[in-house]
Amino acid sequence: MAKLYFRYGPMNSGKSRQLISVFYNYKERGMQTYIMKPSIDTKGDDKIVPRNSETMMVDHLITKEDNLFELIKNQNKKISCILIDEAQFLEEHHVDELTDVVDYLNIPVICYGLLKDFTSHLFVGSKRLVETANSIEEIKTVCSCGNKATEVIRYVNGIATDKGKQIVIDGANEEITYDSLCRFCKKKILKKGD
Ligand SMILES: [Zn+2]
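Counting along the sequence shown from 1, when you hit position 168 you're at 167 in numbering that gives the first Met the number 0, and nothing is skipped either side.
1) What number of angstroms, rounded off, separates the C-alpha of Asn73 from the C-alpha of Lys187?
2) Taking the continuous beta strand (DSSP E) assigned at Gly112, which residues delimit it?
3) For Lys139, which three-state DSSP category applies?
4) To the nearest whole angstrom, what separates the beta carbons of Val57 and Ile71, a pair I think is in contact under 8 Å?
5) Can you tell which of Tyr7, Lys2 and Met0 has the C-alpha that lies nearest to the C-alpha of Lys139?
6) What's the C-alpha gap between Arg182 and Lys76?
7) Are the region 24 to 32 and the region 148 to 168 touching by the rule of at least three beta carbon pairs closer than 8 Å?
8) Let me check one thing: in DSSP terms, what residues is His59 bridge-paired to?
9) Based on DSSP bridge pairs, tell me the residues matched to Ile71.
10) What do you get for Glu90, buried or exposed, if any count of 16 or more other CB atoms within 10 angstroms of its CB means buried?
11) Glu174: buried (16+ other C-beta within 10 angstroms of its C-beta) or exposed?
12) Within 7 Å: the Cβ of Ser143 and any heavy atom of ligand 1?
13) Taking C-alpha atoms, which residue in Ile106, Gly112 and Ala148 lies nearest to Arg16?
14) Verify the contact flag: Leu180, CB atom, against every heavy atom of ligand 1, threshold strictly below 7 Å.
15) Sorry if obvious, but does the Cβ on Cys184 come closer than 7 Å to a heavy atom of ligand 1?
16) Given the structure, does Asn146 come close to ligand 1, in the sense that its CB is under 7 Å from one of the ligand's heavy atoms?
17) Nearest to Lys190 by CA position, among Ser179, Asp161 and Val151, is which residue?
18) Where do the ends of the alpha helix (DSSP H) carrying Arg182 lie?
19) Could you please give me the residues that DSSP links to Glu150 through a beta bridge?
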């Protein structure tokens, strides 16, 4: 039986690099993967962009209206595995459709994404994945203090903040960046910014 996998980790934990390495594992065995990501992510448009590594084109950019079960069912090639980057931006119905891909089409689906946003709340897609995935794995990375990094912090023009919309498409006047860190370091940085 195929499974739905959710592999989550904070920013820069190597999620995109893992996705690309799974792609090559299948390719070396002569098997085809199908790579998707939600179109809301503007980091690389139709590419997977890991840090300090090669970029890779996706097969499909997911829009809000897409039915992922119909999309995969209507592919006329044999797909051995489906890989999804930035899975936190999936809609709830997308994740439910992916469970149908796993259960009815017997194709494994591996989703990579963030678990929580910069206010420590679950993303919609990640929440649904936690609720429905067969396998949930944490991709670990460390905070600069040595603790496990479990949180994401947002900087607007270099200033740490815990306010603002969950998803911000880079504005003209604001430079928005993120970092991964532990909960305690995040509290200390946010306090200092007040
Ligand atoms: Zn720390």
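Every residue gets a Cβ at the ideal spot worked out from N, C-alpha and C, and that includes glycine.
None of these values were measured; they are calculated from a predicted model.
Checking against the coordinates, here is how it stands:
1) 51 Å
2) Val108 to Gly112
3) coil
4) So it is not a contact: roughly 14 Å between Cβ atoms.
5) Tyr7
6) 45 Å
7) no
8) Met35
9) Looking at the DSSP assignment, Ile71 forms no beta bridge with any residue, so it has no partner.
10) buried
11) exposed
12) yes
13) Gly112
14) yes
15) yes
16) yes
17) Asp161
18) Arg182 to Lys191
19) Leu180
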